[in-house]
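Peer 1:
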Amino acid sequence: EPPAGMMAEGKALLVIDVQNDFCPPNGALKVDEGEAVVPLVNRLRTEAEWDLVCFSQDWHPENHCSFASNNEGAKLFTKITLKSGGEQMMWPVHCVQGTKGAEFHKDLLVDTKKDEIVYKGTHVGVDSYSAFYDNDHKTSTRMKKLLTNRKIKHVYLAGLALDYCVGFSALDAVKEGFEVSLFRDACRSVAKDSEDTMLKKLKEAGVQLLTTESFLKTKS
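If you count by this note's numbering, then the sequence shown holds residues 157 to 376, one letter each, in order.
#1: Cα separation between serine 240 and leucine 232?
#2: Look at the Cβ atom of leucine 208, then the Cβ atom of phenylalanine 339, and state whether they are nearer than 9 Å.
#3: Opposite methionine 299 in the DSSP bridges: which residues?
#4: Should methionine 299 be labelled buried (16 or more other beta-carbon atoms within 10 Å of its own) or exposed?
#5: Out of Lys186, Glu165, Leu265 and Lys294, point me to the one whose CA is closest to valine 171's CA.
#6: Fully enclosed by the region 186–267, which beta strand (DSSP E) runs are 3 residues long or longer?
#7: Indicate the three-state DSSP secondary structure (helix, strand or coil) for cysteine 343 in the structure shown.
#8: I need the boundaries of the alpha helix (DSSP H) containing lysine 331, first residue and last residue.
#9: Classify proline 158 as helix, strand or coil using the three-state DSSP reduction.
#10: Classify glutamate 351 as helix, strand or coil using the three-state DSSP reduction.
#11: Which residue's Cα is closest to the Cα of lysine 186: Arg344, Lys375, Leu365 and Asp352?
#12: Using only alpha-carbon positions, find the residue among Ser370, Ala342, Asn176 and Lys375 that is nearest to lysine 256.
#13: Quick check: what's the CA-CA separation for aspartate 292 versus glutamate 243?
#14: What are the boundary residues of the beta strand (DSSP E) that includes leucine 169?
#15: Using DSSP bridges, identify the partner residues of leucine 316.
#16: If you draw a straight line from the alpha carbon of aspartate 341 to that of leucine 366, how long is it in whole angstroms?
#17: So what does valine 280 bridge to, in DSSP terms?
#18: Taking 8 Å as the threshold, find out whether the region 223–230 comes into contact with the region 356–373 through three or more Cβ pairs.
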């Protein structure tokens, strides 16, 4: 047991992948109504108190394994088996490091002095839906260390997309021992069936589903 006063009590807002390529109208992998999460995320970060605000950023090399165009004969939105043996969904080229598509949505409030940014999906041979780990769970991002160092107990998630990056980040946060809540209205999904599957997993894992409005009401 850590000594009193060392106990993790903090709250963190984790904003997942609110980047141009995931937002209409021009995103390479646009999530329906993706831009609708921006005003809600902005309200959450300005109207509530957080010990940490952290943004994850999908940050792929050009030759990333998840891009259909890098896998001969691969069809978009189907799964293939990679040379490493892992299964991989084939996506259009998106969020390439240093491109406009990888930048945060222009209206998203990011305080570059105070907020933390965690890059994910940076390794050529493995994708990373979660902001904690690569999909093979062999490599971690700096997210866990960051939350631990800041003595965070409870993480709250919002962003894109619920059925992939937000959902898997929430499940990994539970596995890492954090209390986890998710702002249902401040997320959007790629597809309905994968959303239903993910919501079932989140409920089973004990993730609390909230709305922005009800959360901010209890804060005022």
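We put the beta carbon where it would ideally sit given N, CA and C, even for glycine.
Peer 2: On the basis of the data shown:
#1: Reading the sequence shown from its first residue, position 84 is the one you call residue 240. Reading the sequence shown from its first residue, position 76 is the one you call residue 232. If I take the Cα positions, the gap works out to 20 Å.
#2: In the sequence shown, residue 208 corresponds to position 52, counting from 1. In the sequence shown, residue 339 corresponds to position 183, counting from 1. Going by C-beta atoms, leucine 208 is not nearer than 9 Å to phenylalanine 339.
#3: Position 143 of the sequence shown, counted from the start, is the residue given in the question as residue 299. Paired residues: none, contrary to the question.
#4: On the sequence shown, residue 299 is found 143 positions in, with the first residue counted as 1. That one is buried.
#5: Sequence index remark: in the sequence shown, residue 171 carries index 15 (1-based). Of the candidates Lys186, Glu165, Leu265 and Lys294, the one whose C-alpha sits nearest the C-alpha of valine 171 is Leu265.
#6: 208–214, 235–237 and 243–245
#7: Sequence index remark: in the sequence shown, residue 343 carries index 187 (1-based). In this structure, cysteine 343 counts as strand in the three-state DSSP scheme.
#8: Counted from its first residue, the sequence shown places residue 331 at position 175. That run of the alpha helix (DSSP H) goes 323–331.
#9: Start at 1 with the first residue of the sequence shown, and residue 158 comes out as number 2. Low confidence applies here, because proline 158 scores a pLDDT of 49, under 50, leaving its location unreliable and the question unanswered by this model.
#10: What you label residue 351 is simply residue 195 of the sequence shown in a count that begins at 1. Correct three-state label for glutamate 351: helix.
#11: Residue numbering aside, residue 186 sits at position 30 when the sequence shown is read from its first letter. Answer by Cα proximity: Arg344.
#12: Taking the sequence shown and counting its residues from 1, the one referred to as residue 256 is at position 100. The residue with the shortest Cα to Cα distance from lysine 256 is Asn176.
#13: Stepping through the sequence shown from its first residue, residue 292 is reached at position 136. Stepping through the sequence shown from its first residue, residue 243 is reached at position 87. Each residue's Cα considered, the two are about 10 Å apart.
#14: Sequence index remark: in the sequence shown, residue 169 carries index 13 (1-based). Leucine 169 -> beta strand (DSSP E) spans 166–172.
#15: Here residue 316 corresponds to residue number 160 of the sequence shown, with the count starting at 1. Leucine 316 is bridged to Arg344.
#16: As a first step, residue 341 must be located in the sequence shown, where it is residue number 185. As a first step, residue 366 must be located in the sequence shown, where it is residue number 210. Cα to Cα, the separation comes out at about 8 Å.
#17: Translated into the one-based positions of the sequence shown, residue 280 becomes position 124. Beta-bridge pairing links valine 280 to no other residue.
#18: no
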